[in-house]
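Take a look at the structure set out below.
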Amino acid sequence: MTSYSVIFRVKVEVNVKVKAHETWEGKMYKSKNRVDKKVRYGKIKIYFLIFFLLSTIIFIILFKTNFFEINGIFVNSNTVVSDDEIVSYSGIKTGDNIFKIKLSEAREKLIKNPLIKDVTIKRKLPNKLIINVIERKKLAAVSYMGIYFVIDEEGVILYTAQAVEDMYVIEGFEFESFLKGEKIKVKNEEDLRKIIELCSLLENSDLAIIPKISYENENIILYIDEDFKIKFGRGENLSKRFVIFKAIYYDLISKNIDSGSVDISHDGYPTYSPFGE
26 MTSYSVIFRV KVEVNVKVKA HETWEGKMYK SKNRVDKKVR YGKIKIYFLI FFLLSTIIFI
86 ILFKTNFFEI NGIFVNSNTV VSDDEIVSYS GIKTGDNIFK IKLSEAREKL IKNPLIKDVT
146 IKRKLPNKLI INVIERKKLA AVSYMGIYFV IDEEGVILYT AQAVEDMYVI EGFEFESFLK
206 GEKIKVKNEE DLRKIIELCS LLENSDLAII PKISYENENI ILYIDEDFKI KFGRGENLSK
266 RFVIFKAIYY DLISKNIDSG SVDISHDGYP TYSPFGE
């Protein structure tokens, strides 16, 4: 046997041993990989089962027991609309599941009421609801064809009436449309806005009067008991003119003068004229 044959034989034997070793390692790796996959798969099954059981338990607690059934609905900050009316308008009932009710839908139902400006509804776990209400406040009544449209400071119609008491009455406007819960539509809307502002100034003042406000030939005139009128003109610089009006009114009352005409419609000195002059 030549040296070349010996070397070749040795190389072949080494290669066979190496391949055998590699084959054994490959089998071991594949076997271990299969075991790891089975372990991971088994863990996933266990995790899924735990998740499913927990989800089922939570679902049963939330929706299939009476633990979260509403047993108290509390209404705050309402003075005009009663608690019972608000709860009824919301569509929410005691016994309803606190998580099944849609708060946004209940809110939308409530603000459809013209007397309600805004609402927030909160869950108080486990079984109570808190409804916080912001009501619209009546400010004045706009007279039209024998009917009074009661409005708030934004000009929103709250309701209609055949007669009103202890309320500022606005007259002289031509209507374009009127619908409860929406802003009143009249010709010369900007002038109506100024009169509503005048009503707010009166409401927030210390004046013990409830005058009628008339819109005549695009001018604003305030009547106190028909015998005393104040001309505000087109209503420019209304806040400033209102301060002037108060000062003149108090001065006249202090002198026992409760009738006549005061003109503060211009930027010059205001004037007073007794009736009949």
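Start counting the sequence shown at 26; every next residue gets the next number (the working numbering). Even for Gly, the Cβ is constructed at its ideal location relative to N, Cα and C.
* Same chain, Cβ closer than 8 Å to HIS46, five either side skipped, listed in chain order -> Reliability fails at HIS46, whose pLDDT of 48 lies under 50, so the model's placement of it is uncertain and no value is given.
* CA-CA distance, ILE255 and ASP288? -> 6 Å
* Quick one: using the 10 Å Cβ neighbour count with 16 as the cut-off for buried, is ASN166 buried or exposed? => Sequence check: residue 166 is Ala here, not Asn. ALA166 should be labelled buried.
* Asked: For ASP250, which three-state DSSP category applies?
  -> coil
* Asked: Using DSSP with H/G/I as helix, E/B as strand and the rest coil, what is GLU243?
  -> GLU243: coil per DSSP, three-state reduction.
* Asked: Which residue's Cα is closest to the Cα of GLU215: GLY293, LEU227, GLU199 and ILE141?
  -> GLU199
* Asked: Curious, which full-length alpha helix (DSSP H) runs of at least 4 residues does the segment 79-119 contain?
  -> 108-115
* Nearest-angstrom Cα distance between ILE234 and ILE278? -> 12 Å
* To do: Between the Cα of ILE126 and those of LEU79, ILE98 and ILE141, spot the shortest distance and give me the residue it belongs to.
  => ILE98
* Could you give the DSSP three-state label for ASP216: helix, strand or coil? => helix
* Asked: Are TYR297 and GLY285 close, meaning C-beta to C-beta below 7 Å?
  -> yes
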